[in-house]
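Residue numbers (our numbering), protein chains in the order written: chain C, 177 to 286; chain D, 24 to 248; chain W, 910 to 1446.
Every residue, glycine too, gets a C-beta built ideally from N, C-alpha and C.
Note that the coordinates shown come from a computational prediction; the quantities given were computed from them, not determined experimentally.
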Amino acid sequence: MSGHVSPKTVSYTIFASLMVLTGITVAVAFINLGPLNFPVALSIAIVKATLVILFFMHVKYSSRLTKLVVATGFFFLLILFTLTMTDYLSRGWLTYPVGAGAPPAATQAH
Amino acid sequence: MSDSASAEASAGRHHAALQHQFDTMEQQQESATLGMWVFLVTEVMFFGGLFMAYLLYRVWYPAAWADGSRELDILLGGVNTVVLIGSSLTMALAVRAAQTGFPRATVNWLLATMALGGVFLVIKVFEYAHKVELNHVPGPNFVFEGPHARQVEIFLSLYFAMTGLHALHMVIGFGLLSVIAWMAYKRKFSPEWYAPVEMSGLYWHFVDIVWIFLFPLLYLVDRAH
Amino acid sequence: MTTPLLPREHYLNIRYGIASWLLTKDHKRIALLYLIGITVFFVLGGAFAVLIRLELATPAGDMVSADTYNKLFTMHGVVMVFFFLIPSIPAVLGNFLVPMMIGARDLAFPKLNLISWYIYMLGGIFTLWAVVVGGVDTGWTFYTPYSTAASNTNVVATGLGVFITGFSSILTGLNFIVTIHRMRAPGLTWFRLPLFIWAHYATSLIQVLGTPVIAITVLLLALERTFRIGIFDPALGGDPVLFQHLFWFYSHPAVYIMILPSMGVVSEVVACFSRKTVFGYSFVAFSSLAIAVFGFLVWAHHMFVAGMSVYAAMVFSFLSFAVAIPSAVKVFNWTATLYKGAIWWQAPLLFVFGFIGLFTIGGMTGLFLAALGLDVHVHDTYFVVAHFHYIMVGGAIMGYMAGLHFWWPKMFGRMYPEGWAKFAALVVFVGFNLTFFPQFVVGYLGMPRRYHVYPEEFQVLNVMSSAGASILGVGYLIPMVYFIWSLRYGKVAGPNPWGATGLEWTTQSPPLTENFTVTPVVNEGAYEYSKRETRVV
Chain C
177 MSGHVSPKTV
187 SYTIFASLMV
197 LTGITVAVAF
207 INLGPLNFPV
217 ALSIAIVKAT
227 LVILFFMHVK
237 YSSRLTKLVV
247 ATGFFFLLIL
257 FTLTMTDYLS
267 RGWLTYPVGA
277 GAPPAATQAH
Chain D
24 MSDSASAEAS
34 AGRHHAALQH
44 QFDTMEQQQE
54 SATLGMWVFL
64 VTEVMFFGGL
74 FMAYLLYRVW
84 YPAAWADGSR
94 ELDILLGGVN
104 TVVLIGSSLT
114 MALAVRAAQT
124 GFPRATVNWL
134 LATMALGGVF
144 LVIKVFEYAH
154 KVELNHVPGP
164 NFVFEGPHAR
174 QVEIFLSLYF
184 AMTGLHALHM
194 VIGFGLLSVI
204 AWMAYKRKFS
214 PEWYAPVEMS
224 GLYWHFVDIV
234 WIFLFPLLYL
244 VDRAH
Chain W
910 MTTPLLPREH
920 YLNIRYGIAS
930 WLLTKDHKRI
940 ALLYLIGITV
950 FFVLGGAFAV
960 LIRLELATPA
970 GDMVSADTYN
980 KLFTMHGVVM
990 VFFFLIPSIP
1000 AVLGNFLVPM
1010 MIGARDLAFP
1020 KLNLISWYIY
1030 MLGGIFTLWA
1040 VVVGGVDTGW
1050 TFYTPYSTAA
1060 SNTNVVATGL
1070 GVFITGFSSI
1080 LTGLNFIVTI
1090 HRMRAPGLTW
1100 FRLPLFIWAH
1110 YATSLIQVLG
1120 TPVIAITVLL
1130 LALERTFRIG
1140 IFDPALGGDP
1150 VLFQHLFWFY
1160 SHPAVYIMIL
1170 PSMGVVSEVV
1180 ACFSRKTVFG
1190 YSFVAFSSLA
1200 IAVFGFLVWA
1210 HHMFVAGMSV
1220 YAAMVFSFLS
1230 FAVAIPSAVK
1240 VFNWTATLYK
1250 GAIWWQAPLL
1260 FVFGFIGLFT
1270 IGGMTGLFLA
1280 ALGLDVHVHD
1290 TYFVVAHFHY
1300 IMVGGAIMGY
1310 MAGLHFWWPK
1320 MFGRMYPEGW
1330 AKFAALVVFV
1340 GFNLTFFPQF
1350 VVGYLGMPRR
1360 YHVYPEEFQV
1370 LNVMSSAGAS
1380 ILGVGYLIPM
1390 VYFIWSLRYG
1400 KVAGPNPWGA
1410 TGLEWTTQSP
1420 PLTENFTVTP
1430 VVNEGAYEYS
1440 KRETRVV
């Protein structure tokens, strides 16, 4: 039965990296980066998830089909996020002249 | 075909665990793994709906998101993150042990995974109990002092929905692992057939990945003030 | 030619007793369990339709109250969409044929297959119970905040039924994907697969990727309704349009779950009854995948007037035009297949002709709806109702009927009566058009959907529609009668009454439990009709 066997050192190294990245996430959260805090936290999470997927879940050593399946899942998740947000992020773009018959100005944040 | 290859092939054909619809153990193992991966894709989309709601309302209500996040305990969340990632390590080592034919190590690493998972769930129970105490559970008894109470309620609804669904998956995983640990104890696994351990590993890592996102998204919003 | 005899042993008579059916792992028996389930729900959904059309025969609300009418169209939609159309072809024909077409003994996960049927039945029971204790009146779309804050009907129970049944769909899709990837017979490369398999593979992708989203949406709906958390309620800071985004993210691809398998049937029938290989095989195969992928990019065309951004609406409108292209590719290729073929006028082909014409009309009217300006005018009118019934009834159900007729001899070893089948196809076609074409007209003229009353001037067209519905109902009843009749009295079919290509036709009819005693080896394409005699009968 074939199947890649990870050396234990790889597993321990990945674990250590994940711990370091967790520490970084928490530390960075206390630094005021303004609007960048969210993307930075997300990026670190993505790196951590990638490490788990590639090494703990062996995707790095898996077939092309497995890699395709993983990519497909995230691709469609991104479709859900981005296409939905095209609605929300562009709602305020169309402004009407104020006057009789015009709809009220759209508000987002309350 | 050489002798060892044909021996291996016929072992693949006559293994006790070979199901009737498959021709070889390899085909069975590959099918099981592919099936678990496809299932995990469904789980990604399942949680994805909640993340979508989270994304929208975070963009709409940044202040409420900050207020709500501050109500969560970073220490407990952080400990849980370490615990869960640790359980992923033990799970990976359990799969490796099954793969290389060490049943006792397999059982031990599986039990370690379950133990760490148990710690996670206990901490979660504490967190939830605290929230109940403070009347921070969305619904008829929700009380929140602050300017954006209704929006904080949405944040906390998503907090409970996302961590609750995650915890439910952990409980299911716990049950799954106890079955697998029992099977490992009964020496059901070998380098020829360890798919159930591998599949459980994939599931467990997935649950870990969800938490890897939940922790910063829920606990670490706007903590710099 | 000697009259064939029924084989002595096959999957139906290998074991008797209710336990042998309820605990079966045989994909063919599970397919028949599904056949019974979906037929029951079809009759239930049809009963609701009868009541709707009876009410709409007169402009006044004289048969039922407005509230009851709301329940009727809601439950008609819920039952037909979730408990009939979505499972239909994959769970019945797909379950039966996918392993056989690829030379396998069963699906990859037979126990999961049986569990999926139990899940389907459990969800169905929940929904039936909701119907019995008073029904639900939100529309099958469950729009918030009415469904969460205002409706006092059984929203959660129905939602739970839908939630549970969704897992049946997910498991079926998962099973098919793994089976098609891992269990093809030696020599059966992807481009030698029957197009039915490609269609089911694409359908399975949608089932696996889309269904979980409606599952979580229904869960959120239930939480909102129970705890008033505010996630979809504008009064509490939520956005009702978010519900619609999440709902339609699945429910639009869901319509492709309903049509793609039907298209797979059409490819098989067109090839067999014109004795030709399908023109542009790889284009048809890829178009199935394209429909599955593109189908995920267009959902907000259901929301153009819901308050979404006009710019996003333009994006979705453009993408909705694009998704029509692979469907058109199929229609052109089927037509090219029929062209200069040796046409054999049998009932499956008649249903397929119905499909091609009616699906084209339904699809083209979909393009009308994708155009923003036009949609503002016809949204929520009977134009939309006509459009989706042309696709789902004129398209999907016609394909299902064609498939049932085509593979009936394989499933049961007996032929249905051909004369009656041709008659039924004609009755269905006439009844269908009489029911739904007037709805295009009346919708364009402004009659809104989901109302139990309407202005007097629309009565003639509505009466036509109701009359058509009764004819359509008869058209569906006739096959139910002769199919059951044929189980005992139908002509014995033999292994391949149609002289069709495909591994399923190399086995006995009905097949053995394990399908093949020896795993077949494939060394030619899927539709090598040129190598066969012109036709068998």
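- Task: Just mark Pro-210/C as buried or exposed, buried being the case when its beta carbon has 16 or more other beta carbons within 10 Å.
- Result: Within the first sequence, numbered from 1, the residue matching residue 210/C stands at position 34. Looking at the sequence provided, one finds Gly at residue 210/C rather than Pro. Classification of Gly-210/C: exposed, given that the 10 Å Cβ count is below 16.
- Residues bridged to Val-1401/W by DSSP? For the purposes of this step, residue 1401/W is taken as the residue at position 492 of the third sequence. The partner list for Val-1401/W (beta bridge, DSSP) reads Arg-1323/W.
- Query: Using a C-beta to C-beta distance shorter than 7 Å, which residues of chain W count as neighbours of Gly-169/D?
  - Reply: Mapped onto the second sequence, residue 169/D falls at position 146. Here the premise fails: no neighbours, minimum Cβ distance about 13 Å.
- Kindly list the residues whose CB is nearer than 8 Å to the CB of Ala-1245/W, restricted to its own chain and excluding five residues on each side of it in sequence; keep chain order. For this step, residue 1245/W is matched to residue 336 along the third sequence. Excluding positions up to five away in sequence, the list reads Phe-1188, Gly-1189.
- Give a yes or no on whether the minimum CB-CB distance between Gly-61/D and chain W is below 7 Å. Taking the second sequence and counting its residues from 1, the one referred to as residue 61/D is at position 38. For the record, residue 61/D in the displayed sequence is Val; it is not Gly. Closer than 7 Å: yes.
- Message: What does the alpha-carbon distance come out to for the pair Ser-1060/W and Val-1040/W?
- Response: Residue numbering aside, residue 1060/W sits at position 151 when the third sequence is read from its first letter. Residue numbering aside, residue 1040/W sits at position 131 when the third sequence is read from its first letter. If you take the alpha carbons of Ser-1060/W and Val-1040/W, they lie about 15 Å apart.
- Message: For chain D, check one thing: does any of its Cβ atoms lie closer than 7 Å to the Cβ of Gly-249/C?
- Response: Stepping through the first sequence from its first residue, residue 249/C is reached at position 73. At least one chain D Cβ lies under 7 Å of Gly-249/C.
- Does DSSP classify Trp-216/D as helix, strand or coil? In the second sequence, the residue the question calls residue 216/D occupies position 193. DSSP places Trp-216/D in strand when its eight states are reduced to three.
- Nearest to Val-67/D by alpha carbon, out of Ala-192/C, Ala-247/C, Ala-203/C, Val-235/C? Counting from one through the second sequence, the residue named residue 67/D turns up at place 44. Selected option, being the one with the closest Cα: Ala-247/C.
- Message: According to DSSP, is Thr-1416/W part of a helix, a strand, or is it coil?
- Response: Here residue 1416/W refers to the residue found at position 507 when the third sequence is read from its first residue. If DSSP states are grouped into helix, strand and coil, Thr-1416/W belongs with coil.
- Task: Report all residues from its chain with a CB closer than 6 Å to the CB of Met-1324/W; omit the five preceding and five following residues, and keep chain order.
- Result: What you label residue 1324/W is simply residue 415 of the third sequence in a count that begins at 1. Taken in chain order, the residues that qualify are Pro-1318, Gly-1399, Lys-1400, Ala-1402.
- Other residues of its chain near Leu-179/D: CB distance less than 7 Å, five sequence neighbours each side excluded: Translated into positions along the second sequence, residue 179/D becomes position 156. Closer than 7 Å at Cβ, skipping near neighbours: Gly-91, His-159, Pro-161.
- Pro-170/D versus His-248/D - alpha carbon distance: Taking the second sequence and counting its residues from 1, the one referred to as residue 170/D is at position 147. Taking the second sequence and counting its residues from 1, the one referred to as residue 248/D is at position 225. Roughly 17 Å between the two C-alpha positions.
- Message: Quick check on Pro-1357/W: does DSSP put it in helix, strand or coil?
- Response: Numbered from its first residue, the third sequence carries residue 1357/W at position 448. Three-state DSSP puts Pro-1357/W in a strand.
- Message: For a cutoff of 7 Å on Cβ pairs, would you count Phe-257/C as touching chain W?
- Response: Position 81 of the first sequence, counting from 1, holds the residue named residue 257/C. So, not an interface residue.
- Task: Indicate whether Val-245/C and Trp-60/D have their beta-carbon atoms separated by less than 7 Å.
- Result: Taking the first sequence and counting its residues from 1, one reaches residue 245/C at position 69. Taking the second sequence and counting its residues from 1, one reaches residue 60/D at position 37. Pairing Val-245/C with Trp-60/D gives a Cβ-Cβ distance under 7 Å.
- Query: If you drop the 5 nearest sequence neighbours on each side, which residues of the same chain put their C-beta closer than 6 Å to that of Ala-282/C?
  - Reply: Along the first sequence, read from residue 1 onward, the residue named residue 282/C stands at position 106. Reliability of the predicted coordinates at Ala-282/C is poor, the pLDDT of 48 falling under 50, and the value obtained from them is presented with this limitation in mind. The answer, listed in chain order, is Arg-267, Gly-268.
- Task: Would you mind sorting Asn-103/D into buried or exposed? The rule is 16 or more other CB atoms within 10 Å of its CB.
- Result: Residue mapping note: residue 103/D aligns to position 80 of the second sequence, counting from 1. By the neighbour-count rule (16 or more Cβ atoms within 10 Å), Asn-103/D is buried.
- Any beta-carbon of chain D closer than 7 Å to the one on Arg-1014/W? Position 105 of the third sequence, counted from the first residue, corresponds to residue 1014/W. Yes, contact with chain D.
- Message: Please return the same chain residues whose Cβ sits closer than 7 Å to the Cβ of Val-229/D, not counting the five positions on each side in sequence.
- Response: Reading the second sequence from its first residue, position 206 is the one you call residue 229/D. With the sequence shown as reference, residue 229/D is identified as Phe, and Val is not the correct amino acid for it. Taken in chain order, the residues that qualify are Leu-63, Glu-66.
- Cutoff 7 Å: Pro-201/C Cβ touching any chain D Cβ: On the first sequence, position 25 is the one that residue 201/C refers to. It should be noted that the sequence gives Thr, not Pro, for residue 201/C. By the rule that beta-carbons nearer than 7 Å mark a contact, Thr-201/C touches chain D.
- Task: For the segment 1338-1351 of chain W and the segment 1370-1382 of chain W, state whether three or more C-beta atom pairs, one from each stretch, are separated by less than 8 Å.
- Result: yes
- Message: Check whether chain W comes within 7 Å of Leu-241/D, counting only Cβ atoms and requiring the distance to be less than that.
- Response: One-based indexing of the second sequence puts residue 241/D at position 218. No - not a single Cβ of chain W is within 7 Å of the one on Leu-241/D.
- Query: How about Val-1224/W: is its C-beta nearer than 7 Å to some C-beta of chain C?
  - Reply: The residue given as residue 1224/W occupies position 315 in the third sequence. At least one chain C Cβ lies under 7 Å of Val-1224/W.
- Query: chain W beta carbons: is any one of them nearer than 7 Å to that of Leu-270/C?
  - Reply: One-based indexing of the first sequence puts residue 270/C at position 94. Taking Cβ atoms only, chain W reaches closer than 7 Å to Leu-270/C, which makes this a yes.
- Query: Is DSSP giving Thr-1290/W helix, strand or coil here?
  - Reply: Within the third sequence, the letter at position 381 stands for residue 1290/W. It is a strand residue.
- Message: Does any residue of chain C have a CB that is nearer than 7 Å to the CB of His-159/D?
- Response: Taking the first residue of the second sequence as position 1, residue 159/D is located at position 136. With 7 Å as the cut-off, His-159/D does not count as an interface residue toward chain C.
- Message: Excluding the 5 residues flanking Glu-1365/W on each side, which residues of the same chain have their C-beta closer than 7 Å to its C-beta?
- Response: As a working note, residue 1365/W is residue 456 in the third sequence. So the qualifying residues of the chain are Pro-968.
- Can you tell me whether Ser-54/D is buried or exposed, with buried defined as 16 or more other CB within 10 angstroms of its CB? What you label residue 54/D is simply residue 31 of the second sequence in a count that begins at 1. Classification for Ser-54/D: buried.
- Report the neighbours of Val-265/D on chain C: residues whose CB is nearer than 8 Å to its CB, in chain order. Outside the displayed span of chain D (24 to 248) sits residue 265/D, for which this structure offers no information.
- Three-state class that DSSP yields for Ala-966/W in the structure shown: Within the third sequence, the letter at position 57 stands for residue 966/W. DSSP places Ala-966/W in coil when its eight states are reduced to three.
- Taking DSSP as the reference, what is the three-state secondary structure of Lys-1249/W? Position 340 of the third sequence, counted from the start, is the residue given in the question as residue 1249/W. Lys-1249/W: coil per DSSP, three-state reduction.
- Identify each residue in the segment 36-55 of chain D for which the Cβ-Cβ distance to at least one residue of chain W is less than 7 Å, and report them in chain order. His-43, Gln-44, Gln-50, Glu-53, Ser-54
- Locate the alpha helix (DSSP H) running through Ile-1270/W, then write down its first and last residues. Walking along the third sequence from the start, residue 1270/W turns up at place 361. Counting along the chain, the alpha helix (DSSP H) containing Ile-1270/W begins and ends at 1256-1279.
- Task: For Ser-187/C, go through chain D and note every residue whose CB falls closer than 8 Å to its CB, in chain order.
- Result: For the purposes of this step, residue 187/C is identified with residue 11 of the first sequence, where counting begins at 1. The answer, in chain order, is Leu-112, Ala-115, Leu-116, Arg-119.
- Message: Can you check whether the C-beta of Val-181/C is within less than 7 Å of a C-beta belonging to chain D?
- Response: Mapped onto the first sequence, residue 181/C falls at position 5. Yes, its Cβ sits closer than 7 Å to a Cβ of chain D.
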